[in-house]
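Visitor: Chains as they are written, first to last, in the numbering used here: chain U, 1315 to 1448; chain B, 1315 to 1448. We put the beta carbon where it would ideally sit given N, CA and C, even for glycine. The structure presented is a predicted model; accordingly, all values stated were derived computationally and were not measured. Input: one structure, supplied below.
There are 2 protein chains.
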Amino acid sequence: MRYSKQRNLILNILRENPVHPTAEWIFEKAREEMPGIGVATVYRNLNALVEAGEIERISGLDGVDRFDGNHMPHYHMKCNTCGRLYDLEPESQESLARMEEVIRETFPTEAVGIKLNTMLLKGTCKQCSCGEPM
Amino acid sequence: MRYSKQRNLILNILRENPVHPTAEWIFEKAREEMPGIGVATVYRNLNALVEAGEIERISGLDGVDRFDGNHMPHYHMKCNTCGRLYDLEPESQESLARMEEVIRETFPTEAVGIKLNTMLLKGTCKQCSCGEPM
DNA sequence: TTATAAGTGATAATCATTCTCGTTTATGAT
DNA sequence: ATCATAAACGAGAATGATTATCACTTATAA
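If you want it as structure tokens, here you go:
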């Protein structure tokens, strides 16, 4: 992969904005700095960066992919009620990391190498769950 | 929700074909029985049936949604290597159901009501994992 | 039987993403 | 340094899944 100003800009935007943006959002942000940049370039580079493991793609939301510049493996949560997408808090991250270990150890041989952190957790968030039966 | 021949046909197709088909596939299948049926009708009814809890939507694959007429809560697996999408075997289903219990009991209060079975497990399947490091 | 609201089908529209292709640019070798 | 070349770019067209529109049909309850 060769150096390019555009790719660097896109990567920086993702590193500096921990908000799981869409390609569209990144495109607009990139234009502010580099008005001539094209949409295709943004999509092309997002794909390349995902491929290279520099960023992460979050699919399965509502048809629009989102991206995450956070290097560390971590878990995402989508609230089915309010629709919010967010990183779990550290405590939950640790909790799930431990579970993942257990799953790796005890899961039947049928499916090997399940990676929970590539999945999107779906449920009901704290705010939305007040008074709601579980 | 009112009775309609079209909706019934679509539901039957899903019940009789445990293959996680796309809307397109269901449309083609439906035409064989009812040549005049329209695409919009298929999408409209798939949405309605998901909404009504009669069927399940599987998102986050490769941009195309898939549908599942299986009533029972169960887990799906997508192999990142061969791309196959399938129901886990009964043994794995049970294993994951137990884990889900554990998660419900021990998960921090931040996110309540996480439903593992609405997620798509991603990893490497048995066939693809032969000789591959985990 | 009839009123009416839900469902249908054809087709146009939407919208995220990819493709094409002629031009530009980073980079390794001379 | 400059050159060759393959990678990357930008504009705009194309794709493809899904949804919206709207006039017409049909299930259902009074």
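Whole angstroms are fine: how far does the CA of U:E1365 sit from the CA of U:R1316?
Guide: Approximately 14 Å between the Cα atoms of the pair.
Visitor: Give me whichever residues DSSP pairs with B:I1324 in a beta bridge.
Guide: Partner(s): none; B:I1324 has no beta bridge.
Visitor: So within the segment 1359 to 1433 of chain U, which uninterrupted alpha helix (DSSP H) runs reach at least 4 residues, ignoring any that extend past its ends?
Guide: Segments of the alpha helix (DSSP H) lying fully in the segment 1359 to 1433 of chain U: 1404 to 1420.
Visitor: On the criterion of 16 or more Cβ atoms from any shown chain inside 10 Å, does U:S1318 qualify as buried, or is it exposed?
Guide: Exposed, by the Cβ-count rule.
Visitor: Any idea which residues DSSP pairs B:G1437 with across the strands?
Guide: Bridge partners of B:G1437: B:C1393.
Visitor: How would you list, in chain order, the residues of chain B whose beta-carbon sits under 7 Å from the beta-carbon of U:S1318?
Guide: Neighbours of U:S1318 on chain B: none; closest Cβ ~26 Å, over 7 Å.
Visitor: At the 9 Å Cβ level, is U:T1420 part of the contact set with chain B, yes or no?
Guide: Yes, U:T1420 lies at the interface with chain B (some Cβ there is under 9 Å from its Cβ).
Visitor: What do you get for U:M1391, buried or exposed, if any count of 16 or more other CB atoms within 10 angstroms of its CB means buried?
Guide: U:M1391 is buried by the Cβ-count criterion.
Visitor: For B:I1340, collect the residues of the same chain with a Cβ closer than 8 Å to its Cβ; drop the 5 residues on either side in sequence, then sort them by chain order.
Guide: The residues are I1324, I1327, L1328, V1356, L1360 and F1381.
Visitor: Pull out every residue of the segment 1351 to 1380 of chain U whose Cβ sits closer than 7 Å to any Cβ of chain B, in chain order.
Guide: Flagged, chain order: S1373 and G1374.
Visitor: What three-state label does DSSP hand B:P1332 in the structure shown?
Guide: In this structure, B:P1332 counts as coil in the three-state DSSP scheme.
Visitor: Helix, strand or coil: how does DSSP classify B:Y1357 here?
Guide: Here B:Y1357 sits in helix by DSSP.
Visitor: Please confirm if the segment 1383 to 1399 of chain B is in contact with the segment 1336 to 1350 of chain B, defined as three or more CB-CB distances below 8 Å between the two stretches.
Guide: No: the two stretches stay apart, fewer than three of their Cβ pairs being nearer than 8 Å.
Visitor: By Cβ distance below 7 Å, which residues in the same chain neighbour B:R1401 in space, the five residues on each side in sequence not counted?
Guide: In the sequence on display, residue 1401 of chain B carries Asp and not Arg. Within the same chain, B:D1401 has close Cβ partners H1388 and H1390.
Visitor: If we count the other Cβ atoms within 10 Å of its Cβ and call it buried at 16 or more, is U:G1437 buried or exposed?
Guide: That one is buried.
Visitor: Quick check: the Cα distance between U:N1322 and B:Q1407, rounded to an integer number of angstroms?
Guide: One C-alpha to the other measures close to 44 Å.
Visitor: If we define contact as Cβ-Cβ less than 9 Å, is U:L1410 a contact residue for chain B?
Guide: Yes, contact with chain B.
Visitor: Under the three-state reduction of DSSP, which class applies to B:I1340: helix, strand or coil?
Guide: The answer is helix: DSSP assigns B:I1340 an H, G or I state.
Visitor: Kindly indicate which three-state DSSP category U:R1345 falls into: helix, strand or coil?
Guide: Helix at U:R1345.
Visitor: Kindly indicate which three-state DSSP category B:E1446 falls into: helix, strand or coil?
Guide: Any reading at B:E1446 is ruled out, since the residue's pLDDT is 49, under 50, leaving its predicted position unreliable.
Visitor: Rank B:L1399, B:T1395 and B:E1419 by C-alpha distance to the C-alpha of B:V1378 and give the top, closest one.
Guide: Out of B:L1399, B:T1395 and B:E1419, B:L1399 has the C-alpha closest to the C-alpha of B:V1378.
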